[in-house]
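Q:
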Amino acid sequence: MYVLKRNIAVFLSVIMLLTILLSGCGKTSTSSSDKTSNKAVSSNVKKNNAPVKLKNKEKAIAYAFGSWPKPPLYQGNPFAAGGVGSAYDWVYCGLFQWWRSTGNFKPFIAESYEQKGLQTIIHLRKDVKWNDGQPFTSKDVWAYYILNNGTYVTKFLKSIDTPDDYTVVFNWDKFSPPDDLKIKYIAHDVQDTIPYHIYGKYVDKAKEILDKAQPTDDLSKRGPFGKYIDKDTSDALNKNWQDFTKENPKLPIGTGPFMVQKVTASEMILVKNPYFFWKDNVKFDKVHLYIADQPGALAMFRSGKTNLAGGWETGGTKDIIENLLQTNKDLVFYPAGDPAAFGTSFNIQKAPFDDVNVRKAVLYAVDRSKIRDVANPYATLVDYAATALLPIPQFMDPWVSKDIQDKLTKYKYDPAKAEEMLKASGWTKGSDGIWRDKNGKMYNLTIACQSGWPVKGMEVQAEEMTKFGLPTKLTVQDPSIYYTNATRPKAMYNMAWDFMFNWTNDGINDPPTIFNNFFNGFPGQAGNFPTFKSGPDQGRTNMIFKGPDGKDVNINDVLKKMPYMSEDELKKVSGDLVWIINENALAFTWFWNTGTTMVNAGQIGGVPMEDQLAKYNRNMPMPATDKDYDDVMAFWMPGILKYYIATGQVYPK
Numbered sequence: 001m002y003v004l005k006r007n008i009a010v011f012l013s014v015i016m017l018l019t020i021l022l023s024g025c026g027k028t029s030t031s032s033s034d035k036t037s038n039k040a041v042s043s044n045v046k047k048n049n050a051p052v053k054l055k056n057k058e059k060a061i062a063y064a065f066g067s068w069p070k071p072p073l074y075q076g077n078p079f080a081a082g083g084v085g086s087a088y089d090w091v092y093c094g095l096f097q098w099w100r101s102t103g104n105f106k107p108f109i110a111e112s113y114e115q116k117g118l119q120t121i122i123h124l125r126k127d128v129k130w131n132d133g134q135p136f137t138s139k140d141v142w143a144y145y146i147l148n149n150g151t152y153v154t155k156f157l158k159s160i161d162t163p164d165d166y167t168v169v170f171n172w173d174k175f176s177p178p179d180d181l182k183i184k185y186i187a188h189d190v191q192d193t194i195p196y197h198i199y200g201k202y203v204d205k206a207k208e209i210l211d212k213a214q215p216t217d218d219l220s221k222r223g224p225f226g227k228y229i230d231k232d233t234s235d236a237l238n239k240n241w242q243d244f245t246k247e248n249p250k251l252p253i254g255t256g257p258f259m260v261q262k263v264t265a266s267e268m269i270l271v272k273n274p275y276f277f278w279k280d281n282v283k284f285d286k287v288h289l290y291i292a293d294q295p296g297a298l299a300m301f302r303s304g305k306t307n308l309a310g311g312w313e314t315g316g317t318k319d320i321i322e323n324l325l326q327t328n329k330d331l332v333f334y335p336a337g338d339p340a341a342f343g344t345s346f347n348i349q350k351a352p353f354d355d356v357n358v359r360k361a362v363l364y365a366v367d368r369s370k371i372r373d374v375a376n377p378y379a380t381l382v383d384y385a386a387t388a389l390l391p392i393p394q395f396m397d398p399w400v401s402k403d404i405q406d407k408l409t410k411y412k413y414d415p416a417k418a419e420e421m422l423k424a425s426g427w428t429k430g431s432d433g434i435w436r437d438k439n440g441k442m443y444n445l446t447i448a449c450q451s452g453w454p455v456k457g458m459e460v461q462a463e464e465m466t467k468f469g470l471p472t473k474l475t476v477q478d479p480s481i482y483y484t485n486a487t488r489p490k491a492m493y494n495m496a497w498d499f500m501f502n503w504t505n506d507g508i509n510d511p512p513t514i515f516n517n518f519f520n521g522f523p524g525q526a527g528n529f530p531t532f533k534s535g536p537d538q539g540r541t542n543m544i545f546k547g548p549d550g551k552d553v554n555i556n557d558v559l560k561k562m563p564y565m566s567e568d569e570l571k572k573v574s575g576d577l578v579w580i581i582n583e584n585a586l587a588f589t590w591f592w593n594t595g596t597t598m599v600n601a602g603q604i605g606g607v608p609m610e611d612q613l614a615k616y617n618r619n620m621p622m623p624a625t626d627k628d629y630d631d632v633m634a635f636w637m638p639g640i641l642k643y644y645i646a647t648g649q650v651y652p653k
């Protein structure tokens with residue numbers, strides 16, 4: 001295997017779990033026209049020009065859901081073991097700022113971009129510097145993709161050119177995705193993480209190795225930049241990568257608004273980057289990050305030592321949130337839909353869930369609202385079994401026709417319907433209230449989850465299934481062994497908990513990735529979907545289903561072709577796959593997740609929906625517009641909040 005993308009966004013995935021939760025030859029040009037991007041706000045000055053006395057005397061952002069390697073292990077290479085921890089959100093910038101909430105993006109290090117046929121041309125800002133004072137140029141962008149060549153977008157590229165210091169040209173292969181996805185794949189990356197002036201020898205070595213690899217049009221063998229990566233090439237790339245990860249600057253080197261000043265086992269302090277291109281907009285002087293247990297983190301927020309809090313501090317419980325709002329009139333609570341969905345797999349090769357009717361019976365028999373109420377009371381219920389694409393308009397509508405959506409079965413809570421499904425497969429219910437299959441066998445089902453947040457919801461699911469007459473026991477395991485036991489080849493459980501919608505591409509509404517993650521990621525692994533036992537596709541899902549038109553759909557063939565399909569082709573197969581997953585009840589989705597965040601608006605200005613705080617007494621509703629949704633998400637995800645601070649939209653009070 002060639003070098004796989006080192007998913008430095010894994011840290012964000014952990015934080016998200018804790019916080020509970022652009023066609024053809026035409027030309028499109030986009031430039032940064034947001035006035036806030038180059039004008040600082042003046043919200044801290046009264047009309048008579050007298051300074052406002054700040055509550056936030058230190059002019060700091062502070063929160064206690066941080067994470068990083070403890071000194072002396074801390075170092076500045078984000079791709080090294082342990083990475084740079086929570087500093088990542090504040091030190092690094094991409095060509096664009098990406099909002100995983102809506103898939104929106106705006107130029108950041110980039111100034112503008114053009115799409116010309118099979119070229120995407122990025123024009124860089126000319127005032128960007130690394131926080132060590134060295135200029136950021138097109139060679140740094142090139143370096144990011146050459147060394148980090150397993151990044152998803154490289155499989156669709158022929159090459160990357162740098163005609164001058166401030167222009168980057170992405171040359172797409174003839175086998176490439178629609179223009180809308182092209183730019184999103186670029187916008188999603190964080191390209192200031194491999195400074196050429198620091199890591200140039202590893203970049204040049206990777207380029208030398210790649211240049212020796214031969215191009216291929218065989219889509220099943222395509223590696224980065226259309227090259228066939230044989231074992232020798234893969235080994236050489238991997239050795240070079242491992243050598244790179246051992247090159248460790250003392251502190252992170254990026255282009256973002258803040259830079260690391262101090263790191264201890266429990267606290268990280270970041271200060272303003274004097275070389276940041278919008279430094280005059282940045283009104284905060286520091287970022288304080290803390291590592292604390294839940295009670296300690298909550299105490300910090302109550303006392304005002306921190307001014308941001310997620311579900312980690314509050315536990316996501318209404319009682320704590322309402323108490324905080326009552327005792328401190330500066331606090332504001334925001335819920336926001338997160339592009340993620342939790343639920344459980346069905347082990348479809350283990351009786352009784354090898355029978356689709358039994359799977360459907362469970363969907364009808366379990367009251368999902370009861371799970372929601374204990375697992376995440378702010379979440380939004382869904383009535384589908386599973387769809388892979390998140391079952392909300394912003395994800396479904398671009399790729400699945402209304403006709404297909406109207407055909408999807410909704411599995412609302414209906415115990416009588418559940419009984420009907422079991423009886424259709426010859427099951428009977430004994431006088432003891434326990435269901436038996438057509439052979440008279442009773443089942444003691446085991447459902448499983450990792451320790452921590454999921455437990456309460458899984459307890460309710462087990463209770464609901466048992467109450468219906470399907471005795472069910474919950475087993476809770478440490479994450480270190482849970483995933484090994486839950487997935488192939490062991491696949492020990494009847495049902496197992498995890499994401500049933502996977503946002504590996506960080507919110508990109510990207511059907512090829514999303515469906516592949518469903519069938520070959522955790523839902524397929526824990527669902528024990530049949531696989532190829534040998535050959536080039538060994539380990540991949542081997543399933544054929546009837547589609548909504550009655551024709552056979554070979555899942556593996558479709559998944560391999562999807563990344564190279566036209567937009568119309570993608571829409572057709574996306575509809576087929578959504579329908580197949582739901583109508584065959586291949587998983588059980590609990591709800592559309594909702595994350596929560598609390599902000600001390602007495603210390604932080606520019607909070608979302610500021611003109612509506614009094615109307616809702618600071619206990620805000622779900623965002624009703626994309627703008628509000630993006631704004632709330634910023635206060636939930638520091639990597640986005642960084643942009644609001646950099647453009648002067650958020651400031652200390």
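In this text, residue positions in the sequence shown follow the working numbering: the first is 1, and each later residue adds one.
Glycine residues also receive a C-beta, built at the ideal position from the N, C-alpha and C atoms.
What residue range does the alpha helix (DSSP H) around I253 cover?
A: Element bounds for I253: n/a, residue is neither H nor E.
Q: Cα separation between P274 and P107?
A: 21 Å
Q: For a quick check, are the C-beta atoms of T487 and N520 less than 7 Å apart?
A: Result no, Cβ atoms of T487 and N520 do not sit closer than 7 Å.
Q: Could you name each continuous alpha helix (DSSP H) segment of 4 residues or more that falls completely within the region 507-538, going from the start of the chain to the end?
A: Counting only runs of 4 or more residues that sit fully inside the region 507-538, the alpha helix (DSSP H) segments are 511-520 and 522-526, in chain order.
Q: Could you check the C-alpha separation between L570 and T472 for me, to the nearest Å?
A: 39 Å
Q: What is the DSSP secondary structure of T487, counted as helix, strand or coil?
A: Secondary structure at T487: coil, using DSSP grouped into helix, strand and coil.
Q: With DSSP as the reference, label T137 as helix, strand or coil.
A: T137: coil per DSSP, three-state reduction.
Q: According to DSSP, is F333 part of a helix, a strand, or is it coil?
A: strand
Q: Can you check which of these residues, W497, A365, Y228 and D211, is closest to L219 by C-alpha distance?
A: Y228
Q: Please classify Y616: is it buried, with 16 or more other beta-carbons within 10 angstroms of its beta-carbon, or exposed?
A: exposed
Q: For the alpha helix (DSSP H) that contains F79, what are its first and last residues?
A: Looking at the DSSP string, F79 is not in any alpha helix (DSSP H), and its letter there is neither H nor E.
Q: In chain order, what residues of the same chain have a beta carbon less than 7 Å from the beta carbon of D383, not counting five sequence neighbours either side?
A: K410, Y411 and K412
Q: Which value, in whole angstroms, describes the spacing of the CA atoms of P536 and N171?
A: 29 Å
Q: Have a look at A388, F395 and D373 and flag the residue whose alpha-carbon is nearest the alpha-carbon of E459.
A: D373
Q: What is the DSSP secondary structure of V654, counted as helix, strand or coil?
A: Any question about residue 654 goes unanswered here, given that the chain covers just 1 to 653.
Q: Rounded to whole angstroms, what's the CA-CA distance from Y92 to T193? Just pull it up for me.
A: 7 Å
Q: Would you mind sorting D736 into buried or exposed? The rule is 16 or more other CB atoms within 10 Å of its CB.
A: The shown model of the chain, from 1 to 653, leaves out residue 736, and the question about it has no answer.
Q: Secondary structure at I348, three-state DSSP: helix, strand or coil?
A: coil
Q: Can the beta-carbon of G648 be found closer than 7 Å to that of N281?
A: yes
Q: I need the straight-line Cα distance from S566 to L181, nearest angstrom please.
A: 11 Å
Q: Where in the region 218-272 do unbroken runs of the beta strand (DSSP E), each at least 3 residues long, occur, reported from the N-terminal end onward?
A: 258-263 and 267-272
Q: I believe W657 touches I253 by the beta-carbon criterion, under 8 Å. Please report the beta-carbon distance rounded to the nearest angstrom.
A: Residue 657 is absent from the model: the chain starts at 1 and stops at 653.
Q: Taking Cβ positions, are V650 and G606 nearer each other than 7 Å?
A: yes
Q: To the nearest angstrom, report how far apart Y196 and V203 are at their CA atoms.
A: Distance between the alpha carbons of Y196 and V203 is about 7 Å.
Q: Could you check how far apart the C-beta atoms of I544 and V553 are, in whole angstroms? I think they sit under 8 Å.
A: 7 Å
Q: Going straight from the alpha carbon of M442 to that of G83, what length do you get?
A: 50 Å
Q: Please specify which runs of the alpha helix (DSSP H), each continuous and at least 4 residues long, are wholly inside the region 347-431, giving them in chain order.
A: 356-365, 368-375, 393-396, 402-407 and 415-424
Q: Ignore the nearest five residues each way along the sequence and tell me which others in W184's own chain have a CB closer than 6 Å to its CB.
A: Checking the sequence, you will find Lys at residue 184 rather than Trp. Once the five neighbours on either side are set aside, the close Cβ partners of K184 are I508.
Q: Out of curiosity, what's the CA-to-CA distance linking G150 and D165?
A: 24 Å
Q: Please name the residue or residues paired with G310 in a DSSP beta bridge.
A: T597
Q: Under 6 Å Cβ to Cβ from V632, same chain only, skipping five residues before and after it: list those, please.
A: Y334, A336, P608 and P623
Q: Please give the ranges of any alpha helix (DSSP H) in the region 68-128, keeping only runs that are unbroken, at least 4 residues long and fully inside the region.
A: Listed in chain order, they are 88-91.
Q: Between which two residues does the beta strand (DSSP E) containing Y290 stretch?
A: Note, Y290: beta strand (DSSP E), K286 to Y290.
Q: Determine the burial state of I321: buried for a count of at least 16 other Cβ atoms within 10 Å of its Cβ, exposed for fewer.
A: buried
Q: Starting from M500 and walking both ways along the alpha helix (DSSP H), at which residues does that stretch end?
A: Segment M495 to F501 is the beta strand (DSSP E) holding M500; no alpha helix (DSSP H) there.
Q: Quick check: the Cα distance between N376 and N593, rounded to an integer number of angstroms?
A: 8 Å
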